[in-house]
Ligand SMILES: NC(=O)c1ccc[n+]([C@@H]2O[C@H](COP(=O)([O-])OP(=O)(O)OC[C@H]3O[C@@H](n4cnc5c(N)ncnc54)[C@H](OP(=O)(O)O)[C@@H]3O)[C@@H](O)[C@H]2O)c1
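Given below as structure tokens:
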């Protein structure tokens, strides 16, 4: 598996398996399938309620712990130094591990500086190998990164051929923060999976639009974490390292960008009110 190097020297796989919307009772089976296919990065979160299933699958796999890169995220209900610290211990317990490889603040709401202090502490204690953020759009990201001691090593954002996040990349480069793409298949949208442009490009290489979309990201050094509950799709999404897109095809795909900063606007107060309301915050 190809890797990218984070700012602290940690090597992170370029392709992983994502667990959003994988029901808790399916998580063990899905992660076991993904590990069998060859995935070595597993992306879960406190909010997905499937850390436990992932932990069981990893423990049962027999794969040495250091060969698997585990990512989890602190949810907004656990924002703040004390709550985040407690929730991190809970995540470690559920994942049956004494360290995670990457820990992220899931969304940029609540006492994120408090959460970060808790994360810096566990980083120094070696309970996490790298720390970062998620869904921090450009201004929020710059403001946060500018004022914290340890700079975020990763920002996980919605990023795919249809929403390429070109605006934030230079802001992240300032802090050597790597891009991790959630929704790399456009969350299963036909616009991406049935894109005529990706279909024509893929036919030259014997690849599907989904494979071209994942290849396009990873070829740019962006970590992609597609989710699927079907083992054959896990395999297909994994088979992207036996070809390279030509420079011309990379440029054609760059023209598919529709909504650079992602399809969900995290700076929209209505979204914020809705999400806080859902959790009685
Ligand atoms: N940080 C955040 O706020 C955040 C938000 C969302 C997601 N994420 C992370 O990013 C991961 C991926 O994002 P996502 O799950 O939202 O979207 P995604 O990976 O872009 O798309 C997943 C959808 O595509 C379908 N699919 C997957 N592979 C396919 C293939 N080869 N052919 C046809 N359909 C395929 C899946 O259906 P089936 O399952 O039926 O195959 C599912 O409906 C998540 O699982 C999670 O780990 C993070």
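In our numbering, the protein residues as written are 2 to 282. Glycine included, each C-beta is placed from N, C-alpha and C at the ideal position. Quantities reported herein were computed from a predicted structural model and do not represent experimental measurements.
Checklist entry - Quick one: Cα of residue 7 to Cα of residue 13, how far? => result 7 Å
Next on the checklist: Between residue 58 and residue 36, how many whole angstroms is the CB-CB distance? I'm expecting something under 8 Å.
Outcome noted: 7 Å
Checklist entry - From which residue to which residue does the alpha helix (DSSP H) around residue 202 run? => result 197-206
Next on the checklist: Taking only three categories from DSSP, how would you classify residue 152?
Outcome noted: coil
Next on the checklist: Closer than 7 Å to a non-hydrogen atom of ligand 1 - does that hold for the CB of residue 194?
Outcome noted: yes
Checklist entry - Can you tell which of 120, 41, 55, 56 has the C-alpha that lies nearest to the C-alpha of residue 79? => result 120
Checklist entry - Nearest-angstrom Cα distance between residue 118 and residue 100? => result 17 Å
Next on the checklist: What does the Cβ neighbour count give for residue 245, buried or exposed, with the cut at 16 atoms within 10 Å?
Outcome noted: exposed
Next on the checklist: With a threshold of 7 Å (Cβ to nearest heavy atom), would residue 226 be considered close to ligand 1?
Outcome noted: yes
Checklist entry - What are the partner residues of residue 161, as DSSP defines its beta bridges? => result 164
Checklist entry - In or out: residue 247 buried (at least 16 other Cβ within 10 Å) or exposed? => result exposed
Checklist entry - Is residue 90 helix, strand or coil when you go by DSSP? => result helix
Next on the checklist: Three Cβ pairs or more, each shorter than 8 Å: is that satisfied between the region 220-236 and the region 122-132?
Outcome noted: no
Checklist entry - Is residue 183 helix, strand or coil when you go by DSSP? => result strand
Checklist entry - Near residue 42, which residues of its chain fall below 6 Å by C-beta distance, leaving aside the five closest residues on each side in sequence? => result 14, 17, 70
Checklist entry - Which residue from 275, 282, 68, 114 puts its Cα closest to that of residue 4? => result 68
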